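Residue numbers (the working numbering), protein chains in the order written: chain C, 71 to 186; chain B, 716 to 831.
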């Protein structure tokens with residue numbers, strides 16, 4: 071089955087700096103890669119996703135890049151703000167049908183702290 | 716839409732007790748999932764369902780049971796609670812098809828369970 075590794079486990083930055091979180095996956099059939107943000111006491115919320123036919127996607131201060139050959143993808147947050155502090159999870163899924171039923175395999179999570 | 720709702724928010728169980736974690740979604744989603752999240756770890760899939768009357772095991776199904784009698788509800792049953800089941804439980808749902816959003820899982824706020 072799919073295995074997703076996420077690094078770093080904790081990341082501390084100053085407000086205004088950039089933050090980068092990296093994930094690798096093992097199953098070359100995976101074709102959908104979402105990123106979730108989880109605030110304290112809440113469920114994960116989707117912040118951005120990318121499909122395997124795209125190399126990069128941006129949404130304001132957030133961007134995700136995908137390297138299918140190397141099987142890794144990354145989340146980039148620019149101009150970080152204290153409200154970006156949360157746990158971030160990457161995930162991978164094969165959305166092509168069959169028996170996968172869109173199951174997500176999650177990375178271990180990164181605790182991001184943005185200091186004012 | 717309320718989205719995905721879960722009850723209770725928090726529960727303490729004694730070893731050997733049983734309980735049902737409730738999950739309801741009002742988005743008419745076909746797919747529903749149960750995950751557990753242990754401290755410092757990503758989410759692990761317990762059970763999933765692709766529609767009413769159809770359920771299947773995920774990565775960590777032992778000690779749990781599910782049912783899906785309606786599209787809206789997907790309860791998770793713990794029959795004989797054990798300390799190893801202390802965790803935060805998240806329910807999620809997604810569309811079967813319908814454009815880009817078909818790939819996105821929407822999560823509930825979680826149920827925190829402590830087994831003593």
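Beta carbons are placed, not taken as given, at the ideal position from N, Cα and C, and that holds for glycine. Values in this document were obtained by computation on a predicted structure and should not be read as measured data.
Asked: Where residue 112 of chain C meets chain B, residues with beta-carbon distance less than 8 Å; Found: 824, 825
Asked: Chain B residues whose Cβ lies nearer than 8 Å to that of residue 104 of chain C; Found: 818, 819, 820
Asked: Closest Cα partner of residue 743 of chain B within the set B:801, B:765, B:824; Found: B:765
Asked: Opening and closing residue of the beta strand (DSSP E) in which residue 805 of chain B lies; Found: 802–809
Asked: 8 Å Cβ cutoff met for residue 786 of chain B and residue 829 of chain B; Found: no
Asked: Cβ separation of residue 808 of chain B and residue 763 of chain B, assumed to be a contact under 8 Å, to the nearest whole Å; Found: With a Cβ gap of about 10 Å, residue 808 of chain B and residue 763 of chain B do not count as contacting.
Asked: Contact set between residue 178 of chain C and chain B, taken where Cβ atoms lie within less than 9 Å; Found: 755, 756, 757
Asked: Residue 91 of chain C classed as buried or exposed, judged by whether at least 16 other C-beta atoms fall within 10 angstroms; Found: buried
Asked: 6 Å CB neighbourhood of residue 107 of chain C in its chain, flanking five on each side removed; Found: 115, 117, 156, 158
Asked: Residue-chain proximity (residue 805 of chain B, chain C), Cβ-Cβ < 8 Å; Found: yes
Asked: Span separating the alpha-carbon of residue 75 of chain C from that of residue 757 of chain B; Found: 10 Å
Asked: Contact under 8 Å by Cβ, residue 103 of chain C with residue 119 of chain C; Found: yes
Asked: Any C-beta of chain B under 8 Å from that of residue 116 of chain C; Found: yes
Asked: Strand pairing of residue 135 of chain C, partner residues [DSSP]; Found: C:126, C:144
Asked: Beta carbon of residue 821 of chain B nearer than 8 Å to that of residue 719 of chain B; Found: yes
Asked: Between the CA atoms of residue 145 of chain C and residue 135 of chain C - distance to the nearest angstrom; Found: 7 Å
Asked: Cβ neighbour criterion (16 or more within 10 Å) applied to residue 729 of chain B; Found: exposed
Asked: Residue 173 of chain C, buried or exposed, once every other Cβ within 10 Å from all chains shown has been counted against 16; Found: buried
Asked: Chain-ordered residues of the region 143–160 of chain C with a beta carbon less than 7 Å from chain B; Found: 159
Asked: Integer Cβ distance of residue 180 of chain C from residue 80 of chain C, believed to fall under 8 Å; Found: 7 Å
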